[in-house]
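Enquirer:
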Amino acid sequence: MIDEAMQEQAAAYALGALDGPERQAFEAALRVDPELRALVHELSSVTEALAGMAPALQPSAAIRERVLLEIDQRRPTGAAAAHNLPVPAAAVTPGPWIPWAVAAALALVAAGAVWQSAGLRTQLAAQASRINELTISAELARTESSDLRLTVAKLRESNRVANFRIALLDSLLAAAPKTIAVSVWDNERQDGVFIVRNLSPLPSDKDYQLWIIDPKYPSPVDAGVFQVDAKGNVRADFRAKLPIQAANQFAVTIERKGGAAVPNTKAMVLAGS
Amino acid sequence: MKGIAYPRAFGRNVAEPDQDAALIERIRGGERAAFVAFYDRYSPLLFSVAARVLGERKEAEDVLQEVMLVIWNKSGDYDPQLGTLSSWAVAVTRNKALDRLRARTRRLRLIEEAAVLAADSGATSYPSANEILHGRERAELLREAMQALPPDQRMAIELAFFTGLSQSDIAERLQQPLGTIKARIRRGMLRLREQLGGAL
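If you read the sequences in order, they're chains A and B.
Going from the first sequence to this note's numbering is simple: count from 1 and add 164.
Going from the second sequence to this note's numbering is simple: count from 1 and add 926.
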């Protein structure tokens, strides 16, 4: 007969909620008590059923390939005999470069087979980049201003934005602490998307102007003017007036209608990197 | 719904644990085909668990990759005395996903979201990982059994499993004595075991 206290431990153990010494002590009891073991087996099956209630998602096929490629590089000694496929010659000489070499070789074969036209390749890459940027900007545009910072952090963590410069611009106005903006810049395509939340609308004779700070130039580069809607929000596509090498920082100033050649730094409202 | 009697026909194939035992032995022997079989069978379940804990696909895929490498490289860590192969794989996945979650500053926010999901899970009608793994009919039975639990028991169980909160944390969060939370988890788990007996 398993008492209630032990049942509680068994339930917590099956859920993975027992830690440290408590867990070790319970596992020691488990090894010598067949009745307890039977209970834990059954409760673990309950946990598995609980886990299976998560919405069904399929991992991408690329993950499967990545995992299999990796295990092929880490096969235990003697395992080759059991392998039902021939081991690539490169795999018998261990080295950190091998996974990359194999991946590169596979990529080359795939590229050779599928991408016969350099023009098509360029076109596809550009389209993929554009789709990625649109996805990111749409995700940002959907985000409430309070979550914008979090969304940017998440995007920065992900590989999706490897080709983009994402800058978070904070308000420089004490009276408007909730104003925030995000700039997504694609250096390869030399264009970007700018999203602002809670920026006060301007009188009709003024514009907000976006600037890119690139160390290549002695002064900020003009990236165009914009207005916000009545709620202080806008999503605008932008391009720089000069070729950008490194978009290190972004800033927004208030300028006369149509913009200025150099920024009025005394009227800077947003800045960030 | 109380006292659901699950026909044996919905139960796990009796050969399944033996099949898993054979599978893990073959994986331990370095047999690639066995590993591929394991991957194809369990990756949707493990990926779904990781995604539920983490709230995003990219990191869930990283966790799945880590878990699969654990299965391949450390299958010796699996002790059949402590549970089934799939339970162990689920536990490894959950723990790795929670490790990542804890490492992030947004942990509290995701815990909030997970708690909301836990509270809402009875009302949603998404296809579950169980459906992929065990078929629609059995998945529906499992879902009904969960919904038949008193909400306080279901909430405590889901918070413990999907958010990694300790029983003390859950007690604090739900403003209940620790003993109450332990009792809810015990009663809920035992009740599920009873209701799902034939289906597990």
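Note that the Cβ used here is the ideal one computed from N, Cα and C, for glycine as well.
Ignore the nearest five residues each way along the sequence and tell me which others in Ala1023/B's own chain have a CB closer than 6 Å to its CB.
Expert: Along the second sequence, one-based indexing puts residue 1023/B at 97. Closer than 6 Å at the Cβ level, and outside the excluded window around Ala1023/B, lie Ala976, Val979, Leu980 and Val989.
Enquirer: When the Cα of Arg1028/B is compared with those of Arg1110/B, Leu1091/B, Pro1103/B and Gly956/B, which residue comes out closest?
Expert: By 1-based counting over the second sequence, the position of residue 1028/B is 102. Closest option to Arg1028/B, Cα to Cα, is Leu1091/B.
Enquirer: What are the boundary residues of the beta strand (DSSP E) that includes Ser383/A?
Expert: Sequence index remark: in the first sequence, residue 383/A carries index 219 (1-based). Careful: Ser383/A lies outside any beta strand (DSSP E) and carries neither H nor E.
Enquirer: Between the beta-carbon of Ala963/B and the beta-carbon of Leu949/B, is there less than 8 Å?
Expert: Start at 1 with the first residue of the second sequence, and residue 963/B comes out as number 37. Start at 1 with the first residue of the second sequence, and residue 949/B comes out as number 23. Yes, they are a contact pair.
Enquirer: Flag this pair as yes or no: are the beta carbons of Val398/A and Ser335/A separated by less than 8 Å?
Expert: Working through the first sequence from its first residue, we reach residue 398/A at position 234. Working through the first sequence from its first residue, we reach residue 335/A at position 171. No, Cβ-Cβ distance for Val398/A and Ser335/A is not below 8 Å.
Enquirer: Let me confirm a value: Met1072/B is counted as buried when at least 16 other C-beta atoms fall within 10 Å, else exposed. Which label applies?
Expert: One-based indexing of the second sequence puts residue 1072/B at position 146. Answer is buried; the Cβ neighbour count reaches 16.
Enquirer: Does DSSP put Arg1121/B in a helix, a strand or coil?
Expert: The residue you call residue 1121/B lines up with position 195 of the second sequence. Before going further, note that residue 1121/B is Gln rather than Arg in the sequence given. Gln1121/B falls in the helix class under three-state DSSP.
Enquirer: Tell me whether Thr417/A sits in a helix, a strand or coil according to DSSP, three-state version.
Expert: To locate residue 417/A, count along the first sequence from 1; it is residue 253. Strand, per DSSP.
Enquirer: Using CA atoms only, rank isn't needed, just tell me which of Phe961/B, Phe1088/B and Asp1095/B is closest to Pro161/A.
Expert: Any property of residue 161/A remains undetermined from this structure, which presents chain A solely from 165 to 437.
Enquirer: Report the three-state DSSP secondary structure of Ile376/A (helix, strand or coil).
Expert: Against the first sequence, residue 376/A aligns to sequence position 212. In this structure, Ile376/A counts as strand in the three-state DSSP scheme.
Enquirer: Give me the subset of the segment 187–212 of chain A whose CB atoms are less than 9 Å from a CB atom of chain B, sorted by chain position.
Expert: Against chain B - using a Cβ distance shorter than 9 Å - the residues of the segment 187–212 of chain A are Glu191, Leu194, Arg195, Arg201, Leu203, Val204, His205, Glu206, Leu207, Ser208, Ser209, Val210, Thr211 and Glu212.
Enquirer: Spatial neighbours of Leu438/A within its chain, please: CB distance less than 7 Å, with the 5 preceding and 5 following residues excluded, ordered by chain position.
Expert: Lying before the first or after the last residue shown, residue 438/A is absent from chain A, which here runs from 165 to 437.
Enquirer: Of the residues Ala345/A, Asp386/A, Ile377/A and Ala394/A, which one's Cα is nearest the Cα of Ser368/A?
Expert: Position 204 of the first sequence holds residue 368/A. For the residues Ala345/A, Asp386/A, Ile377/A and Ala394/A, the minimum Cα distance to Ser368/A belongs to Ala394/A.
Enquirer: If the cut is a Cβ gap below 9 Å, which residues of chain A does Tyr965/B touch?
Expert: In the second sequence, residue 965/B corresponds to position 39, counting from 1. Residues of chain A passing the Cβ test: Arg228, Val231 and Leu232.
Enquirer: Does Leu406/A pass the burial test, meaning 16 or more other C-beta atoms within 10 Å, or should it be called exposed?
Expert: Locating residue 406/A in the first sequence gives position 242, counting from the first residue. Its Cβ having fewer than 16 others within 10 Å, Leu406/A is exposed.
Enquirer: Residues in the segment 1073–1097 of chain B with C-beta within 9 Å of chain A's C-beta atoms, listed in sequence order?
Expert: Taking 9 Å as the Cβ-Cβ cut-off against chain A, the residues of the segment 1073–1097 of chain B that qualify are Ile1083, Glu1084, Ala1086, Phe1087, Phe1088, Gly1090, Leu1091, Ser1092, Gln1093 and Ile1096.
Enquirer: Tell me, please, whether the CB atom of Ala215/A is closer than 8 Å to any CB atom in chain B?
Expert: To locate residue 215/A, count along the first sequence from 1; it is residue 51. Judged by the 8 Å Cβ criterion, Ala215/A is in contact with chain B.
Enquirer: Of the choices Gln391/A, Pro223/A, Met217/A and Ala411/A, whose alpha-carbon is the least far from that of Pro970/B?
Expert: Taking the second sequence and counting its residues from 1, the one referred to as residue 970/B is at position 44. Comparing Cα-Cα distances from Pro970/B to each of Gln391/A, Pro223/A, Met217/A and Ala411/A, the minimum goes to Pro223/A.
Enquirer: Pick out the complete beta strand (DSSP E) segments inside the segment 339–367 of chain A, 3 residues or longer, and give them in chain order.
Expert: Qualifying beta strand (DSSP E) stretches, in chain order: 344–350 and 355–361.
Enquirer: Does Leu1075/B come out as helix, strand or coil in the three-state DSSP assignment?
Expert: On the second sequence, position 149 is the one that residue 1075/B refers to. In this structure, Leu1075/B counts as coil in the three-state DSSP scheme.
Enquirer: Cβ of Ala415/A within 8 Å of Cβ of Pro384/A?
Expert: Within the first sequence, numbered from 1, the residue matching residue 415/A stands at position 251. Within the first sequence, numbered from 1, the residue matching residue 384/A stands at position 220. The answer is yes: Cβ separation under 8 Å.
Enquirer: For Ala174/A, name the three-state secondary structure that DSSP assigns.
Expert: Residue numbering aside, residue 174/A sits at position 10 when the first sequence is read from its first letter. Helix at Ala174/A.
Enquirer: Of all the CB atoms in chain A, is at least one closer than 8 Å to the CB of Gly1009/B?
Expert: The residue labelled residue 1009/B in the question sits at position 83 within the second sequence. Gly1009/B counts as touching chain A.
Enquirer: What number of angstroms, rounded off, separates the C-alpha of Ile235/A from the C-alpha of Leu995/B?
Expert: Translated into the one-based positions of the first sequence, residue 235/A becomes position 71. Translated into the one-based positions of the second sequence, residue 995/B becomes position 69. Rounded to whole angstroms, Ile235/A to Leu995/B spans 7 Å at the Cα level.
Enquirer: Spell out a yes or no on whether the segment 1076–1087 of chain B and the segment 1113–1120 of chain B are touching, meaning 3 or more CB-CB pairs, one atom from each, closer than 8 Å.
Expert: Touching, yes.
Enquirer: Output, in chain order, the set of chain A residues within a Cβ distance shorter than 9 Å of Ile1111/B.
Expert: Position 185 of the second sequence, counting from 1, holds the residue named residue 1111/B. Result: Glu172, Ala175, Ala176, Leu179 and Ala181.
Enquirer: Which one of Asp197/A, Asp167/A and Ala174/A has the shortest CA to CA distance from Arg1119/B?
Expert: Here residue 1119/B corresponds to residue number 193 of the second sequence, with the count starting at 1. Comparing Cα-Cα distances from Arg1119/B to each of Asp197/A, Asp167/A and Ala174/A, the minimum goes to Ala174/A.
Enquirer: Is Arg420/A buried or exposed, if buried means 16 or more other CB atoms sit within 10 Å of its CB?
Expert: On the first sequence, residue 420/A is found 256 positions in, with the first residue counted as 1. Classification for Arg420/A: exposed.
Enquirer: Roughly how many angstroms separate the alpha carbons of Gln237/A and Asp966/B, rounded to a whole number?
Expert: Your numbering for residue 237/A matches position 73 in the first sequence. Your numbering for residue 966/B matches position 40 in the second sequence. Each residue's alpha carbon lies about 20 Å from the other.
Enquirer: Please report whether the beta-carbon of Ile235/A lies at a distance below 8 Å from any beta-carbon of chain B.
Expert: Counting from one through the first sequence, the residue named residue 235/A turns up at place 71. Yes, because at least one Cβ of chain B sits closer than 8 Å to the Cβ of Ile235/A.
Enquirer: Is it buried or exposed, Met165/A, if we count other Cβ atoms within 10 angstroms and call 16 or more buried?
Expert: Reading the first sequence from its first residue, position 1 is the one you call residue 165/A. So Met165/A counts as exposed.
Enquirer: Residues in its own chain within less than 6 Å of Leu1011/B by CB, not counting five upstream and five downstream?
Expert: Within the second sequence, the letter at position 85 stands for residue 1011/B. Correct list, in chain order: Asp946 and Ile950.
Enquirer: With 7 Å as the limit, tell me which residues of the segment 991–1020 of chain B have their beta carbon closer than that to any beta carbon of chain A; keep them in chain order.
Expert: Those residues of the segment 991–1020 of chain B that come within reach of chain A (Cβ to Cβ, closer than 7 Å) are Gln991, Met994, Leu995, Trp998, Asn999, Gln1007, Leu1008, Gly1009, Thr1010, Ser1012, Ser1013, Val1016, Ala1017 and Arg1020.
Enquirer: Buried or exposed for Ala1017/B, please, with buried defined as at least 16 other CB atoms from any protein chain shown within 10 angstroms of its CB.
Expert: Residue 1017/B sits at position 91 when you count from the first residue of the second sequence. It is buried - the Cβ of Ala1017/B has at least 16 other Cβ atoms within 10 Å.
Enquirer: Relative to the C-alpha of Asp1078/B, which residue among Glu1066/B, Leu1068/B and Arg1099/B is closest?
Expert: Along the second sequence, one-based indexing puts residue 1078/B at 152. Out of Glu1066/B, Leu1068/B and Arg1099/B, Arg1099/B has the C-alpha closest to the C-alpha of Asp1078/B.
Enquirer: Would you identify the three-state DSSP class for Val196/A, choosing helix, strand or coil?
Expert: Numbered from its first residue, the first sequence carries residue 196/A at position 32. DSSP places Val196/A in helix when its eight states are reduced to three.
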